[in-house]
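Sequence lines, in order, name chains A and B.
Mapped onto our numbering, the consecutive letters of the first sequence carry residue numbers 1 to 380.
Mapped onto our numbering, the consecutive letters of the second sequence carry residue numbers 1001 to 1134.
Quick reminder that beta carbons are idealized off the backbone N, C-alpha and C, glycines included.
Have a look at the structure below before the remarks.
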Amino acid sequence: MKQKSIAVVGAAETTKMGKIPDVSVIGLHADAALNALKDAGLKPTDIDGVACAGLSPVELAHYLGITPTYADGTAVGGCSFMLHLRHAAAAINEGLCKTVLITHGESGRSRVGAGGFGRASSSLMGQFEMPFGPAGPPTMFTIPVLRYLKTYNLTVEDLAWVSVIQREWAAKNPRASFKDPITVDDVLNSPMIAWPFRMLMCCLVTDGGGALILTSADRAKDFPQKPVYVLGTGESVETPMVSQMEDFTSSKAFRVSGKKAFGEAGITHGDVDHLMIYDAFAHLPLYGLEDLGFCKPGEAAAFIRERNTAIGGKLPLNTNGGGLSYMHSGMYGMYALQESVRQMRGIAPAQVPGAKISVCHGVGGMFAASGTIIFSNEAP
Amino acid sequence: MPQRMLPEPTPETKHFWDGCAEGELRLQRCAACGGKSYFPPRPFCPGCGSREVEIYKASGKAVLYSYVINMRPRPDMGTEPYAIAVVQLDEGPRMMTNIVNCPQTPEALQLDMKLKVSFSKQSDAITLPFFEPA
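Right, here's the structure in full:
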């Protein structure tokens, strides 16, 4: 896409976050949407493009009273919203619509009005993975990690540092689910979930949602909030089965998506002031830092341990506390995008002083898909 | 304990599950692009798209590539922790499986240890391919 041709003009999360037993999934979508519309100074009837995952865009549009000329139901897991944003940018530039609403809502903890998790026993995953006992993401997303650790001569302590440093960021965020400091020993003594992963290396399970509103950069300057421009975008998919990843030490989808986004944005890694990497589990920031090119293969663990991504470090990472400490409803990508937008507006609880460029990188499924969005707060 | 979650073969994968029932681990390879083996089954080569593929009996030899030990067993998997493993077959492809006849501990399950296939009949229709230390 053309750099800075599109801007985020509305962004909000659900009114409540964490445990929300009195709101259903579609209710969370609507709550986030209404908050984002208010943020942008718009009404539902001002929206002519809709996108969401987990819910059909038909359900969303009808529920909110929107008659769209553009609808995107791309559902590739937790990074779907990065793909929605990318597709919406292309759609607006192509004239398919003018103002797109992207929503997310998930009752991950309370399961109010939520569907089940599962695959048909005739699918490839149903035939060639499920019979061997996977019991959800903690036992699947984690499978490549022993190979990664052995390849680069790393230990589980290197994973624990990811959780410890992200908790330091969460402590600065009033809406974070977990704010109390933790040590490496705390992580290594937390209950074993799936060797080598302990509880504090796994994400939260919470309720919540978020929404974004996009329009053309030309129109964006007339909105009440400071526009956040889209500088570059990328996406890719690899495999529905984690056992079939081409390389257990690196995600092909991450590499392809990241390279595309950096190419579109025309920036180098040294230009990046703020970074979000979807962290459903503690190994994901390691893979992300390496596959996006911030670190060489095998060097991300030392980069984090040496506090480069911590408060005061040269590359602030997951400044909301991440899926490990802030919140994780199941498809966390929307919350990573919200934090990038807050940082670019200059209103984040743990604001990075003077940040001008933010990279937001998402994963979907178990290394199945990826989306990368690069934001700038400087007008074209 | 409920019946273990079992695969439902499709026309494209039936040869694999029939093979397991007959004590053979069947892979496919492409005749058009150098005989590279692939998995999971499909009636064309994922490397070049050719439909000129053949089914053959694999050696059943593998090494342990990566795994987790699930401490919270799925109800149909019993009550003890078990490893969910990915093995690398001698022929190249990797597949998910369970490691049997071996303690389910990090000490016993060493990456790159040699393994061989071990078939386990689950129902009249389905036999699963497990692996055990070679």
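From the listed residues 145/A, 206/A and 380/A, the smallest Cα separation to residue 218/A is found for 380/A. By the Cβ test, the stretch 45-60 of chain A is in contact with the stretch 24-37 of chain A, since at least three Cβ pairs between them sit closer than 8 angstroms. Along the stretch 268-312 of chain A, the alpha helix (DSSP H) occurs as fully enclosed runs of 4 or more residues at 284-291 and 300-305, listed in sequence order. The beta carbons of residue 182/A and residue 204/A sit about 13 angstroms from each other, so the pair does not count as a contact at 8 angstroms. Rounded to whole angstroms, the Cβ separation of residue 147/A and residue 1111/B is 7 angstroms, and the two are in contact under 8 angstroms. In this structure, residue 1090/B sits away from residue 1114/B, with a CB-CB distance that is not shorter than 7 angstroms. Straight-line spacing of the CA atoms in residue 76/A and residue 240/A works out to 10 angstroms.
Among the residues of the stretch 190-206 of chain A, those with a Cβ less than 9 angstroms away from any Cβ of chain B are 191, 192, 193, 194, 195, 196 and 197, in the order of the chain.
Beta bridge pairing from DSSP links residue 1050/B with no other residue. DSSP places residue 6/A within a strand segment (E or B) once states are collapsed to three. Annotated as distal: residue 248/A and residue 349/A, with beta-carbon spacing of 7 angstroms or more. Closer than 8 angstroms at the C-beta level to chain A, one finds these residues of the stretch 1056-1067 of chain B: 1065, 1066 and 1067. Within chain B, no C-beta atom comes nearer than 7 angstroms to that of residue 267/A; the closest sits roughly 34 angstroms away. A straight line joining the alpha-carbon of residue 335/A with that of residue 1030/B spans about 44 angstroms. Contact check for residue 1096/B against residue 1081/B fails: the beta carbons are separated by 7 angstroms or more. Excluding its 5 nearest sequence neighbours in each direction, residue 209/A has C-beta neighbours in its own chain below 8 angstroms: 13, 14, 28, 29, 31, 32, 103, 104, 105, 106, 329 and 334, listed in chain order.
For residue 1020/B, the secondary structure class from DSSP, reduced to helix, strand or coil, is helix. Taking 7 angstroms as the upper bound on Cβ-Cβ separation, chain B lies near residues 127, 128, 129, 130, 131, 132, 133, 134, 135, 139, 142 and 143 of the stretch 127-143 of chain A. Counting only runs that start and end inside the stretch 191-258 of chain A, the alpha helix (DSSP H) elements of at least 4 residues fall at 217-220. Minimum Cα-Cα distance from residue 362/A among the listed residues 338/A, 355/A, 354/A and 352/A corresponds to 338/A.
By the Cβ neighbour-count rule, residue 1125/B is exposed, with fewer than 16 other Cβ atoms within 10 Å of its own. C-alpha of residue 270/A to C-alpha of residue 1130/B: approximately 48 angstroms in a straight line. For residue 1079/B, same chain residues with a beta-carbon under 7 angstroms away, outside a window of 5 residues either side, are 1073 in chain order.
In summary, residue 122/A is exposed, with fewer than 16 beta-carbon neighbours lying within 10 Å of its beta-carbon over all protein chains present. In this structure, 375/A is the residue among 72/A, 85/A and 375/A with its C-alpha nearest to the C-alpha of residue 266/A. Across the structure, residue 43/A and residue 37/A are spaced so that their CA atoms are roughly 6 angstroms apart.
Note on residue 1001/B: under 16 other CB atoms within 10 angstroms of its CB, so exposed under the neighbour-count rule. In this structure, residue 1065/B and residue 1028/B do not form a Cβ contact; the two beta carbons are roughly 20 angstroms apart against a cut-off of 8 angstroms. Between residue 179/A and residue 109/A the beta-carbon gap is near 18 angstroms, outside 8 angstroms, which marks them as no contact. Contact annotation: in the stretch 146-159 of chain A, residues whose CB is within less than 7 angstroms of a CB in chain B are 146, 147 and 150. Per the coordinates, the alpha-carbon of residue 1056/B lies some 39 angstroms from the alpha-carbon of residue 258/A. Of all alpha-carbon atoms in 1045/B, 1025/B and 1024/B, the one lying nearest the alpha-carbon of residue 1034/B is that of 1045/B. Pairwise C-beta distances place the stretch 1-10 of chain A in contact with the stretch 215-230 of chain A, as three or more of them are shorter than 8 angstroms.
Annotated three-state conformation of residue 139/A is helix, per DSSP. According to DSSP, residue pairing for residue 128/A in a beta bridge does not occur. Contact check for residue 163/A and residue 282/A: beta-carbon distance about 5 angstroms, within the 8 angstroms limit, so the pair qualifies.
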